[in-house]
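J.: Got a structure for you, questions after.
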Amino acid sequence: MSEAILTTTPVDTDKPKFFNYKGITTILGGVGFLGLVAFLSAGSGDTHKFMLNSYMYGYVFWLMVTCGCLALTLLHNSIKSSWTLPVLRIFEAGASWQTWAMLGVGLLPLLLKTDVVYEWARPEAANDFILAKKAVFLNKPVFGGVILGGYALFAFMANTLRKSTNRHDKSLDENEYQFRTNFATPMMVIFVSVLTFVLTLLAMSLTPKWYSTIYTLWLLIGGCQAALSMAIFLVARNAGKQPYANVMAPGLTKDLGNMMFVLTMLWGYTSVSQLIILWNGNLPETTVFYAHRGADAMLGWNLIGASTILGCFVIPFVTLLSPRVKRYADRLAMIALFIFCFRILDVYWIIGASIPNRMSPQAFGPSTIFDATGWVVMALAWFAVMLNNVDKAPLLPLYDKRLEEAKKNAH
Amino acid sequence: MAHDWSDPSGLWGLVGEFEKPEDLMKAAEAAKHKGFRKMDAYSPFPIHGLSEAIGFRDNRVPWTVFIFGITGVTIGYSLQYYTAVIDYPMNVGGRPLNSVPAFIPVAYEATILCAAFSAAIGMFVYNKLPKPYHPIFNTKNFDRATQDRFFLAVEAEDPAYDAKVIEKVMKENGAVEVSECDY
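Here's what the structure looks like:
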């Protein structure tokens with residue numbers, strides 16, 4: 001068992017292993033993503049329709065990971081935390097302007113073929129009393145304008161912070177830290193507010209007559225959980241390699257584990273809050289979200305929902321309570337991977353079940369292959385952008401030596 | 001052998017005074033390495049890793065909280081189940097009598113209530129509080145334990161107690177003063 005104190009083990013001077021996958025991910029992700037976007041933007045017929053609907057799942061999942069990266073970058077800069085330093089570069093790379101540009105390109109099929117996915121974009125929606133009233137907000141120009149405008153704003157936030165950390169690395173000027181704190185703190189509020197509009201249009205309007213005010217927060221916390229667990233997995237798996245070996249110590253792995261624990265509790269809190277409020281309200285227009293997933297035709301969705309209670313909350317909660325898990329980098333990597341896998345299922349449950357025109361309504365059926373294809377292509381493209389970005393700056397910020405000093409002073 | 005409190009005389013232990021937390025940590029680890037187990041450390045602020053360094057390991061409070069938490073959730077849920085399903089069943093909006101989501105808040109609150117009370121009461125019981133008198137306060141300079149000094153005490157009841165060895169360990173690790181402490 002490799003305890004996070006690695007002073008006694010020889011330090012591996014190779015680069016972290018994830019860099020080995022940069023080339024292949026760039027090729028596969030680039031070709032796959034552009035090919036898929038071109039097909040979905042220009043194609044027609046049943047295969048195109050099913051693929052575009054299933055694509056929504058992978059798209060929203062990786063959008064939420066990007067949002068999680070940005071939210072945690074903003075949090076780090078607001079509070080100047082030291083525990084985020086080893087994962088900061090991954091967050092910065094994951095939420096870079098290039099990632100937002102990729103997501104903007106990925107939105108193209110949905111802009112061009114909105115009516116293939118969204119009920120409110122079809123001509124018959126004009127005859128529906130509720131949808132006709134909602135048309136002021138649920139229409140194509142607002143859909144494209146708000147989402148792309150939101151992406152542009154998020155890219156601006158990410159780029160401003162990234163430029164500042166790069167400048168800080170070179171100049172070691174402490175004013176850069178203060179600038180980022182002053183910038184990131186109000187931006188957190190603006191980010192969550194704008195994201196509410198973006199996700200209402202992109203994800204919640206998949207079921208256009210249903211609404212929940214906690215929905216954005218619920219998805220965002222899940223996105224933060226996914227982003228943090230992915231980053232922790234990448235760092236903890238390479239804890240013996242430079243530069244992470246210089247900073248990995250039980251105190252740090254404990255802090256990282258505690259943050260995963262906090263997000264696990266927040267996810268549980270938001271999930272159960274929505275369920276309790278809708279259950280007690282007992283109104284057909286709001287309970288439809290859960291009733292739909294339990295309908296006879298929706299085979300398998302309740303099973304996924306139940307498994308996420310265990311996999312996204314109970315098991316991580318109990319496991320991360322134990323200091324013995326958080327003390328060891330490899331154990332922390334395992335629980336981070338576990339959480340990330342269940343994030344995939346949870347977003348599938350939230351988004352997949354809401355997509356109206358998948359090939360088959362059940363959770364595991366013919367449409368699963370389309371869902372998985374969309375998710376994998378988006379994953380490759382996302383990692384291609386992230387890995388190319390993370391290589392452009394030192395993996396650990398040079399301006400902040402708190403972790404190195406903490407490790408040197410550790411006993 | 002436990003101290004006879006009717007006898008006001010006798011040695012309680014040996015106490016080392018340190019200027020730096022790093023020295024206290026080193027001394028605690030060295031003392032543990034020498035086999036001393038009945039130790040305690042005192043510092044003006046929490047020091048990460050100090051409890052491990054003196055070999056302190058006591059899981060009684062977490063287990064008490066866990067057991068009382070489980071008791072709380074069981075009582076909270078059972079009470080609602082009994083009233084809503086067995087004693088006074090009532091159809092509310094067509095939902096099942098065993099209305100799990102609606103029962104969560106009360107079960108959760110009962111868990112927290114029992115866990116929090118057991119944590120506070122357990123802490124007092126296991127620490128044998130309130131304790132109006134403790135021999136450590138007889139130690140020279142001990143008022144600085146809440147200001148700028150760090151203390152390590154090895155009790156005379158420790159089976160491996162050897163004043164010369166303890167003094168040597170403490171002085172080798174930076175103790176500025178090592179003194180005997182009486183009851």
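In the order they appear, the protein sequences are chains B and Y.
Quick note: the first sequence uses my numbering, first residue 1, plus one each step.
Quick note: the second sequence uses my numbering, first residue 1, plus one each step.
All residues carry an ideal CB built from backbone N, CA and C; glycine is no exception.
Being a predicted model, the structure only gives us computed values, none of them experimental.
1. What are the residues that DSSP puts in a beta bridge with Asp247 of chain Y?
2. What's the C-alpha gap between Ile5 of chain B and Leu403 of chain B?
3. Below 8 Å CB to CB, which residues in the same chain sit around Glu3 of chain B once its five sequence neighbours on both sides are set aside?
4. Report yes if the C-beta distance between Val87 of chain B and Val235 of chain B is below 7 Å; otherwise report no.
5. Kindly indicate the opening and closing residues of the alpha helix (DSSP H) around Phe183 of chain B.
6. If you measure from the beta carbon of Pro101 of chain Y to each beta carbon in chain B, is any gap under 7 Å?
7. Phe18 of chain Y bridges to which residues according to DSSP?
8. Looking at the strands, I want to know which residues DSSP matches up with Leu11 of chain Y.
9. In this structure, does DSSP put Lys254 of chain B in helix, strand or coil?
10. Measure the CB-CB distance between Gly55 of chain Y and Glu155 of chain Y and report whether it falls below 7 Å.
11. Using a 10 Å radius around the Cβ and a threshold of 16 neighbouring Cβ atoms, would you call Pro397 of chain B buried or exposed?
12. Taking 8 Å as the threshold, find out whether the segment 199-212 of chain B comes into contact with the segment 309-316 of chain B through three or more Cβ pairs.
13. Out of curiosity, what's the CA-to-CA distance linking Met102 of chain B and Val31 of chain B?
14. Based on Cα-Cα distance, which residue from B:Ala126, B:Tyr215, B:Phe233 and B:Ile147 lies nearest to Thr286 of chain B?
15. Report yes or no: is there a C-beta of chain Y within less than 7 Å of the C-beta of Ile5 of chain B?
16. State whether the segment 352-369 of chain B contacts the segment 28-42 of chain B, with contact taken as three or more CB pairs (one from each stretch) at a distance under 8 Å.
17. Would you kindly check if the distance between the Cβ of Asp182 of chain Y and the Cβ of Leu194 of chain Y is under 7 Å?
18. Output the distance between the C-alpha atoms of Met187 of chain B and Val198 of chain B, rounded to the nearest integer angstrom.
19. Is the CB of Thr286 of chain B under 7 Å away from at least one CB in chain Y?
20. Does Asn159 of chain B have its Cβ less than 7 Å from a Cβ in chain Y?
21. Report the rounded CA-to-CA distance for Ser54 of chain B versus Ile67 of chain Y, giving the unit in angstroms.
22. Under 7 Å, Cβ to Cβ, is there at least one residue of chain Y near Trp349 of chain B?
23. Mind checking Lys140 of chain Y: buried by the 16 CB within 10 Å criterion, or exposed?
24. What's the C-alpha gap between Lys22 of chain B and Ile232 of chain B?
25. Where do the ends of the alpha helix (DSSP H) carrying Gly68 of chain B lie?
26. How would you list, in chain order, the residues of chain Y whose beta-carbon sits under 8 Å from the beta-carbon of Trp279 of chain B?
27. So, with DSSP's three-state summary, where would you put Lys163 of chain B?
T.: The short version:
1. As shown, chain Y starts at 1 and ends at 183. That puts residue 247 of chain Y outside it, with no answer to give.
2. Here residue 5 of chain B corresponds to residue number 5 of the first sequence, with the count starting at 1. Here residue 403 of chain B corresponds to residue number 403 of the first sequence, with the count starting at 1. Confidence is the limiting factor: at Ile5 of chain B the pLDDT is only 44, short of 50, which leaves the residue's position unreliable, though a coordinate-based value still follows. Their backbone Cα atoms lie some 13 Å apart in a straight line.
3. In the first sequence, the residue the question calls residue 3 of chain B occupies position 3. Model confidence at Glu3 of chain B stands at a pLDDT of 47, short of 50, so the residue's coordinates are unreliable and nothing is read from them.
4. The count along the first sequence starts at 1 and reaches residue 87 of chain B at position 87. The count along the first sequence starts at 1 and reaches residue 235 of chain B at position 235. Contact flag set, yes.
5. Taking the first residue of the first sequence as position 1, residue 183 of chain B is located at position 183. Phe183 of chain B -> alpha helix (DSSP H) spans Asn175 to Leu202.
6. If you number the second sequence from 1, residue 101 of chain Y lands on position 101. Yes, Pro101 of chain Y counts as interfacial toward chain B.
7. In the second sequence, residue 18 of chain Y corresponds to position 18, counting from 1. In the DSSP output, where bridge partners are listed per residue, Phe18 of chain Y has Y:Phe150 and Y:Ala175.
8. Position 11 of the second sequence holds residue 11 of chain Y. Leu11 of chain Y pairs with Y:Asp182.
9. Numbered from 1 along the first sequence, position 254 holds the residue referred to as residue 254 of chain B. Lys254 of chain B: helix per DSSP, three-state reduction.
10. Taking the first residue of the second sequence as position 1, residue 55 of chain Y is located at position 55. Taking the first residue of the second sequence as position 1, residue 155 of chain Y is located at position 155. In this structure, Glu155 of chain Y does not lie closer than 7 Å to Gly55 of chain Y by Cβ.
11. What you label residue 397 of chain B is simply residue 397 of the first sequence in a count that begins at 1. Classification for Pro397 of chain B: buried.
12. no
13. Residue numbering aside, residue 102 of chain B sits at position 102 when the first sequence is read from its first letter. Residue numbering aside, residue 31 of chain B sits at position 31 when the first sequence is read from its first letter. Using only the alpha carbons, I get a separation of about 13 Å.
14. As a position in the first sequence, residue 286 of chain B is number 286, starting the count at 1. Minimum Cα distance to Thr286 of chain B is reached at B:Tyr215.
15. If you number the first sequence from 1, residue 5 of chain B lands on position 5. Because the pLDDT of Ile5 of chain B is 44, which lies under 50, any placement of that residue in the model is unreliable, and the number read from its coordinates should be weighed accordingly. Not an interface residue.
16. no
17. No statement about residue 194 of chain Y is possible, as the shown extent of chain Y runs from 1 to 183 and does not include it.
18. For the purposes of this step, residue 187 of chain B is taken as residue 187 along the first sequence, with counting starting at 1. For the purposes of this step, residue 198 of chain B is taken as residue 198 along the first sequence, with counting starting at 1. Straight-line Cα distance between these residues: approximately 16 Å.
19. Here residue 286 of chain B refers to the residue found at position 286 when the first sequence is read from its first residue. No, Thr286 of chain B lies away from the interface with chain Y (no Cβ there is under 7 Å from its Cβ).
20. Locating residue 159 of chain B in the first sequence gives position 159, counting from the first residue. It does not: the Cβ of Asn159 of chain B has no partner Cβ on chain Y nearer than 7 Å.
21. Taking the first sequence and counting its residues from 1, the one referred to as residue 54 of chain B is at position 54. Taking the second sequence and counting its residues from 1, the one referred to as residue 67 of chain Y is at position 67. Looking at the two C-alpha atoms, the distance is approximately 46 Å.
22. Stepping through the first sequence from its first residue, residue 349 of chain B is reached at position 349. Output row for Trp349 of chain B: interface = no.
23. Reading the second sequence from its first residue, position 140 is the one you call residue 140 of chain Y. Exposed, because fewer than 16 other Cβ atoms sit within 10 Å of the Cβ of Lys140 of chain Y.
24. For the purposes of this step, residue 22 of chain B is taken as the residue at position 22 of the first sequence. For the purposes of this step, residue 232 of chain B is taken as the residue at position 232 of the first sequence. Lys22 of chain B and Ile232 of chain B: Cα-Cα distance of roughly 18 Å.
25. The count along the first sequence starts at 1 and reaches residue 68 of chain B at position 68. Gly68 of chain B -> alpha helix (DSSP H) spans Gly45 to Ile79.
26. Numbered from 1 along the first sequence, position 279 holds the residue referred to as residue 279 of chain B. Within 8 Å Cβ-Cβ: Arg95, Ser99, Pro101 and Ala102.
27. By 1-based counting over the first sequence, the position of residue 163 of chain B is 163. Lys163 of chain B falls in the helix class under three-state DSSP.
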